[in-house]
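Letter by letter, the sequence shown follows residues 111 to 475 in my numbering. Structure first, commentary second.
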Amino acid sequence: MPLRIGIIGLPNVGKSTLFNAITKLSASVSNYPFTTIEPNVGIVEVPDFRTKKIAQIMHSKKVVEATIEFVDIAGLVKGASKGEGLGNQFLSNIRQVDAIGHVVRCFEDSTISHVNAQLNPKSDIEVINTELILADLESVIKKLQDLEKRVKSLDKQAKEEYIIAEKIKQELEKGNLLANAPLTEEEKIFAKELFLLTIKPQIIIANVGEEFFSVGKSVLAESATEKAKELGFGYILISSKIENELNFLSQEEENQFRQSIGIKTEPLKELITASYKILGLSTFFTANSNEAHAWAFEKGIKLPKAAGKIHSDMEKGFISAEVVSFDVLERENDFHKVKEKGLLRIEGKNYEPRDGDIINVRFNV
């Protein structure tokens, strides 16, 4: 199942336009709040030059990249934690994603209304994060009330969980997002099991206007990126309007247009790669004459768990795996040479896959 990035933000900041640009789908885009009610979902590939290179060396007929699922979630307003706007539905949709792409409006346009009288990226970021904190606080208080009853009955596990929940409550009361709070691994796991919103990693997406690329700077964008740094989050500058329009051009026309207005990078690819990174993911590969396939995995997992990403039977019946790093395969440029030189390793269940490993799983069920 693909990992999910929820695209969130205040109404009319360009979320759905960005979603269209990323996924090349046609989500509804209009100039009024709550255009997006049911979340739009699109699956996109994570660009990785290594997959095609592996396919070339292994003479694979097909290339399959790792994927991320982007979810365009309804705009949030102040008071969402109390049900304002589409608050409850909005928060429920966020609970189902693995990380958050937080779109912030950093462009001037008198034809597109904004929920606040004045554009203020820092304030806009704070509005949303405050609502997430308040929603988490409500969830933790309910959990504490439940645990309190169990603690009175001398439930040892409940007592340990109560201490963790109380610490999390204190962090939220300080106005801290749990993703950046000083929590132990055990406490982070507890927060995730409670489906708390602020434990999810975020990337701030400063949605700039076309003029940004000719001028090279924007007070609004600087405000958003400063806030991102303050919160310890990554950030990216992108014009969702331009990127969406570029979807209708040929590759040659797109390159010419980017050059003409001074866009030196491909922000959409940067966003997809950045989203992959904030989830703490790496990539391993499988390859044969049929296909070269990239697989996302969490750093630190053992080989059987990684094999389960391919198929559950591989995890259940795991025996061992043949492993070679991408660097070695690329250097030799021939899989048979890799085998002849004894560079193909046999790894067992305690091996932790590394980014770029090419793995052939041996299993029996």
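Each residue gets a CB set at the ideal place from its N, CA and C atoms; glycine is no exception. These numbers come from a predicted model, not from an experiment.
Please classify residue 126: is it buried, with 16 or more other beta-carbons within 10 angstroms of its beta-carbon, or exposed? buried
Less than 7 angstroms between the C-beta atoms of residue 319 and residue 384, yes or no? no
Measure the CB-CB distance between residue 404 and residue 175 and report whether it falls below 7 angstroms. yes
Between the Cα of residue 331 and the Cα atoms of 202, 216, 461, 116, which residue gives the shortest distance? 216
So residue 307 and residue 253 are in contact, right, with Cβ under 8 angstroms, and what is the actual spacing, rounded? With a Cβ gap of about 14 angstroms, residue 307 and residue 253 do not count as contacting.
On the DSSP bridge list, what partners appear for residue 114? 179
Only counting the same chain, and skipping five residues up and downstream in sequence, which positions put a Cβ closer than 7 angstroms to that of residue 290? 341, 342
Would you say residue 253 touches the ligand FMN, meaning its beta carbon is less than 6 angstroms from a heavy atom? No copy of the ligand FMN appears in this structure; indeed no ligand is present at all.
Out of 272, 338, 416, 155, which one is the CA nearest neighbour of residue 426? 416
What are the boundary residues of the alpha helix (DSSP H) that residue 368 is part of? 361 to 371
Identify the continuous beta strand (DSSP E) that holds residue 392 and give its terminal residues. 391 to 397
Counting only runs that start and end within the segment 323 to 353, where is the alpha helix (DSSP H) found for 4 or more residues in a row? 329 to 341
Under 7 angstroms, do residue 209 and residue 311 count as touching if we go by C-beta distance? yes
Could you spell out the range, first to last residue, of the alpha helix (DSSP H) harbouring residue 468? Note, residue 468: premise wrong, no alpha helix (DSSP H); beta strand (DSSP E) at 467 to 473.
Three-state secondary structure (DSSP) of residue 381: helix
CA-CA distance, residue 294 and residue 371? 46 angstroms
Count the other CB atoms, across all protein chains shown, that sit within 10 Å of the CB of residue 465; report buried if there are 16 or more and exposed otherwise. exposed
Hey, quick one: how far does the alpha helix (DSSP H) through residue 239 stretch, first residue to last? 231 to 262
Let me confirm a value: residue 359 is counted as buried when at least 16 other C-beta atoms fall within 10 Å, else exposed. Which label applies? exposed
Going by CA-CA distance only, name the one from 181, 249, 362 that's closest to residue 300. 249
Beta-carbon contacts of residue 160 that lie in its chain and below 6 angstroms, excluding the five residues immediately before and after: 436
With a 10 Å radius around its C-beta and 16 neighbouring C-beta atoms as the bar for buried, classify residue 292 as buried or exposed. exposed
Is residue 179 closer than 7 angstroms to residue 204 when the C-beta atoms are compared? no
Taking 7 angstroms as the limit between beta carbons, can you name the residues of its chain near residue 357, skipping five residues before and five after? 131, 134
Simplified DSSP assignment, three categories, for residue 462: coil
Classify residue 446 as helix, strand or coil using the three-state DSSP reduction. helix
With DSSP run on the structure shown, which of helix, strand or coil describes residue 290? helix
Segment limits, alpha helix (DSSP H) that includes residue 218: Careful: residue 218 lies outside any alpha helix (DSSP H) and carries neither H nor E.
Beta-carbon proximity list for residue 395, same chain, < 6 angstroms, skipping 5 on both sides: 164, 404, 468
When the Cα of residue 459 is compared with those of 447, 449, 473, which residue comes out closest? 473
If we call anything under 7 angstroms between Cβ atoms a contact, is residue 428 one with residue 419? no
Which listed residue (243, 242, 246, 272) has its alpha carbon closest to that of residue 256: 272
Reference residue 454; option with closest CA among 431, 234, 461, 246: 431
Residue nearest to residue 240 in terms of C-alpha spacing, selected from 281, 262, 258: 281
Extent of the continuous beta strand (DSSP E) to which residue 312 belongs: 312 to 318
In whole angstroms, give me the CA-to-CA distance for residue 114 and residue 261. 36 angstroms
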